[in-house]
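**Student:** Heads up: the sequence shown runs through residues 56 to 235, numbered per the numbering used here. The C-beta atom is built at its ideal place from N, Cα and C for all residues, glycine as well. Being a predicted model, the structure only gives us computed values, none of them experimental. One structure coming up, written as C-alpha cells, with questions to follow.
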Amino acid sequence: KAPHEGSTICISKVASASEMQAGFDNCVRYDDTVLAEEFISGRELTVPVMGAGRDAHALPIVEIRAPQGNYDYEHKYFSDETQYLCPAPLDAALTARIQSLAVEAYRALGCSGWGRVDFMLRDVDNAPFLLEINTSPGMTGHSLVPMSARAAGVSYEDLCIDILRLARLDLKPTPGWKPV
C-alpha cells in the first residue's frame, strides 16, 4: 500500500511475486514509498479516540464487514453492501482490551484531538493486530468517527465542537508571529 494515501487508495492483496510487482508498480504512481505487510485474515475493527495524553479515551468500536472482506475505496464510498456494526459485537473483555490498546497506541505516538486506530481481529485466535493510526479521519456524516460518537450518544454537532475545543486547548503560539 501507499502509506501516505488515505481511503484505502492503492492497497493490493497479493499472492505471488508477479502480483507483488504489479501492486508495487501501481503504488509508486501515488507515493515514493511502498509498505508491504503480512495479510491478516479476520474481522476489521476501528476505534475512534478523542483527547490527548492521560485524558485520551476510546469511543465505541466499529466493525466493518465488506463484501469478500475487501474494504476498498469502492466499498467505502459507493457500495451499499458494506455493513457497519457499532458498537461491534464483541464480549466486554475483548472490547475493553482493544479500546485500551487503541488509547495506548494513540498516546505513544503523541496524538491529540481525535483519531482512529484500525485493527484486524485474527480469525484463528481472536488476537487483535494494530494496522494503523489515522490522525485525520473522515468527518462526513457517514464517516466512522461520527458513527461511533452517535453510538456513544454524541451528536455530530457536539462531536465537531469537542474536536474544536480540543484543538483550542492544544493551541500554541507560533514564535515570532504577530497579528497584522
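Report back the beta-carbon spacing between S206 and P142 to the nearest angstrom; my notes put them in contact at under 8 Å.
**Tutor:** Residue 206 is actually Ala in this sequence, not Ser. Yes, A206 and P142 are in contact; Cβ-Cβ is about 5 Å, under 8 Å.
**Student:** Between which two residues does the alpha helix (DSSP H) harbouring Y139 extend?
**Tutor:** Not the alpha helix (DSSP H): Y139 falls in the beta strand (DSSP E), residues Q138 to L140.
**Student:** On the DSSP bridge assignment, give the partners of M194 in chain order.
**Tutor:** Paired residue(s): none; M194 is not in a bridge.
**Student:** On a CA-only basis, which of M105, R98 and R109 is nearest I119? Give me that one, please.
**Tutor:** It is R98.
**Student:** Could you compute how far the alpha carbon of V117 sits from the alpha carbon of I66?
**Tutor:** Cα to Cα, the separation comes out at about 21 Å.
**Student:** Is it right to say D178 is buried, meaning 16 or more other beta carbons lie within 10 angstroms of its own, or is it exposed?
**Tutor:** Exposed, because fewer than 16 other Cβ atoms sit within 10 Å of the Cβ of D178.
**Student:** What number of angstroms, rounded off, separates the C-alpha of R162 from the C-alpha of V200?
**Tutor:** One C-alpha to the other measures close to 18 Å.
**Student:** Does the distance from the CB of L221 to the CB of P183 come in under 8 Å?
**Tutor:** Contact flag unset, no.
**Student:** Within this structure, are the beta carbons of Q138 and A113 separated by less than 8 Å?
**Tutor:** In this structure, A113 does not lie closer than 8 Å to Q138 by Cβ.
**Student:** Between R171 and T101, is the Cβ-Cβ spacing less than 8 Å?
**Tutor:** Cβ atoms of R171 and T101: closer than 8 Å.
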